[in-house]
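Chemist: Residues in the first sequence are numbered consecutively from 14, following my numbering. In this text, a Cβ means the ideal position worked out from N, Cα and C, and glycines have one as well.
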Amino acid sequence: MPELPEVETIRRLIEPELVGREIGRARVDWARSVGGEPRAFARAVRGARVRAVGRRGKFLVAPLERPGRRVDGALVVHLRMSGRLHVEAAEEDPGPYARVSCELSDGKVLHFVDVRKFGRFLFRERPEELLQHLGPEPLGEAFTLPWLRSALRGRRRALKPLLLDQGFVAGLGNIYVDETLHRARLHPLVRSDRLRAPRVAALHAAIRQVLAAAIEREGSSFDTFYRTPEGRPGSYQERFEVYGRGGKPCRRCGATIRKIVVCQRGTHLCPRCQRTPRSG
DNA sequence: AGCTACTCCTGGTAGC
DNA sequence: TGCTACCAGGAGTAGC
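Following this line, the structure appears as C-alpha cells:
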C-alpha cells in the first residue's frame with residue numbers, strides 16, 4: 014500500500030501537473046473522502062491556485078493560494094490503502110471509484126480514485142494541525158542516529174508496532190518495516206529499550222537504505238492498487254527480502270521465511286537472520 | 001505507557 | 001455456477 018516511497022514517487026510525478034493550476038468546480042461522490050462536507054469542500058477550493066505539492070510522512074500536502082480569502086490553506090491527501098491520484102483530460106472516464114474530482118484551469122481534471130474509501134482528500138485552513146502528531150521524516154535531517162538511540166530508549170515497545178507508529182517516525186508502513194527489520198537483522202518483537210548501540214545503528218541505516226532504494230525504483234506494486242500517476246508500476250517489489258515471501262528461502266541465509274501475526278499485521282521474517290527476542 | 005479490540009470499506013479468494 | 005464467509009490493511013478511538 015502506499016507508504017513513504019510510493020507517496021514520494023506520486024508527489025514527484027504529479028507536482029508539475031498541478032503547480033500553478035487553478036481549481037474550478039469540484040465534484041464529490043463520497044462525502045467522507047473530503048471529511049463529510051462536500052459543499053464546504055467545493056466552496057473552499059474553488060478559485061484556489063496550487064502553489065506546490067509537498068509530502069509529510071504518507072501525507073501529500075498541497076499549499077494553496079486563495080485570493081481574497083482569510084486564509085490560504087492547503088489540500089491534505091492521504092491515500093491509505095487504495096487511493097490514487099490521476100490528472101486526466103476532461104473527457105477521460107476516471108472509472109467507478111473516483112471519489113473526488115477537481116477541474117483544473119488547464120482543462121484537465123484531478124481525480125482522487127479510491128476503491129476502499131479509506132483515503133482522504135481534505136481541504137484544511139491550518140494543515141499543520143493534521144500533521145503535528147507526526148514523528149520526524151526518516152530521510153530528513155532530524156532523523157539522526159543519536160535521536161533514534163534516545164527515542165528508542167524512551168519507549169518500551171516492540172520494534173514493529175513502534176516503527177508503524179506515525180508519531181514515532183513518519184512514513185513507514187507494513188511492507189517497509191518488515192524489509193527494514195530484516196535488513197537490520199532485528200526481530201519485530203524486540204523491545205525498543207533493549208537494543209544495543211550497534212543494533213540501533215543497523216536499524217537507522219536500514220530505514221534510510223530501504224526507503225531510498227524504494228524511492229529510486231518508484232515504490233512497490235504487488236497488486237492492482239499502486240501505480241505511478243503515469244500508470245507505471247513501481248519495481249521495488251522485485252527487491253523484497255521478506256514481504257510476501259513466506260515459505261520461500263531467505264536470500265541471505267537460505268532459511269525459510271516465516272509469516273506471523275504481530276499486532277494484527279501480517280509480519281514476515283527470517284527466523285535465522287532475525288533471532289527471537291529471548292535468544293537475543 | 002502500551003496492549004487489544006473495533007471501526008471504516010471493498011475486491012478477491014477460499015470453501016462449499 | 002453461485003453462494004457465503006472471511007481477509008487485508010492505515011490509522012483513529014475506546015477500554016483495560
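Grab me the residues of V144's own chain with a C-beta within less than 8 Å of its C-beta, minus the 5 sequence neighbours each way, in chain order.
Modeler: Residue identity check: residue 144 is Leu in the sequence provided, not Val. These residues qualify, in order along the chain: R69, G70, F72, V74, V89.
Chemist: Taking only the alpha-carbon atoms, compute the straight-line gap between C286 and P201 and give it to the nearest angstrom.
Modeler: Answer to the nearest angstrom: the Cα atoms are 12 Å apart.
Chemist: Do L152 and L224 count as a contact pair if the criterion is CB distance below 7 Å?
Modeler: Yes, the pair counts as a contact, with Cβ atoms nearer than the cut-off.
Chemist: For a quick check, are the C-beta atoms of S234 and G244 less than 7 Å apart?
Modeler: For S234 and G244, no; Cβs fall outside 7 Å.
Chemist: Can you check whether the CB of V58 is closer than 7 Å to the CB of I36?
Modeler: Result yes, Cβ atoms of I36 and V58 sit closer than 7 Å.
Chemist: V113 and V41 - do their beta-carbons sit closer together than 7 Å?
Modeler: In this structure, V113 lies closer than 7 Å to V41 by Cβ.
Chemist: Our contact map puts F136 next to G180 with C-beta atoms below 8 Å; I'd like the distance itself, whole angstroms only.
Modeler: Between G180 and F136 the Cβ distance is about 24 Å, and since that is not below 8 Å, they are no contact.
Chemist: Please classify V275 as buried or exposed, where buried requires at least 16 other C-beta atoms within 10 Å of its C-beta.
Modeler: It counts as buried.
Chemist: State whether the stretch 49 to 66 contacts the stretch 259 to 277, with contact taken as three or more CB pairs (one from each stretch) at a distance under 8 Å.
Modeler: No, the stretch 49 to 66 is not in contact with the stretch 259 to 277.
Chemist: Give me the Cβ distance between A226 and R252, rounded to the nearest whole Å; I'm assuming they're in contact under 8 Å.
Modeler: The Cβ separation is near 7 Å, so the contact holds.
Chemist: Please go through the same chain and pick out, in chain order, the residues whose beta-carbon is closer than 6 Å to the beta-carbon of G293, but skip the five residues on each side of it.
Modeler: With a pLDDT of 41 at G293, under the threshold of 50, the modelled position of that residue is not reliable, and no figure is offered here.
Chemist: Compute the beta-carbon to beta-carbon distance between A65 and P76, rounded to the nearest angstrom, for a pair I have assumed lies under 8 Å.
Modeler: At roughly 6 Å, the Cβ-Cβ gap stays under 8 Å, so A65 and P76 are in contact.
Chemist: Let me know the beta strand (DSSP E) ranges lying completely inside the stretch 99 to 124, each 3 residues or longer, listed in chain order.
Modeler: Listed in chain order, the complete beta strand (DSSP E) runs (minimum 3 residues) inside the stretch 99 to 124 are 111 to 117.
Chemist: Looking at the structure shown, is L73 part of a helix, part of a strand, or coil, going by DSSP?
Modeler: Reduced to three states, the DSSP call for L73 is strand.
Chemist: Is R64 helix, strand or coil by DSSP?
Modeler: Here R64 sits in coil by DSSP.
Chemist: Can you name the residues that DSSP bridges to V275?
Modeler: In DSSP, V275 forms a bridge with R278.
Chemist: Please report the straight-line C-alpha distance between E105 and K261, rounded to a whole angstrom.
Modeler: Using only the alpha carbons, I get a separation of about 42 Å.
Chemist: Determine which residues share a DSSP beta bridge with L135 and list them.
Modeler: Bridge partners of L135: V89.
Chemist: In this structure, does DSSP put E28 in helix, strand or coil?
Modeler: It is helical.
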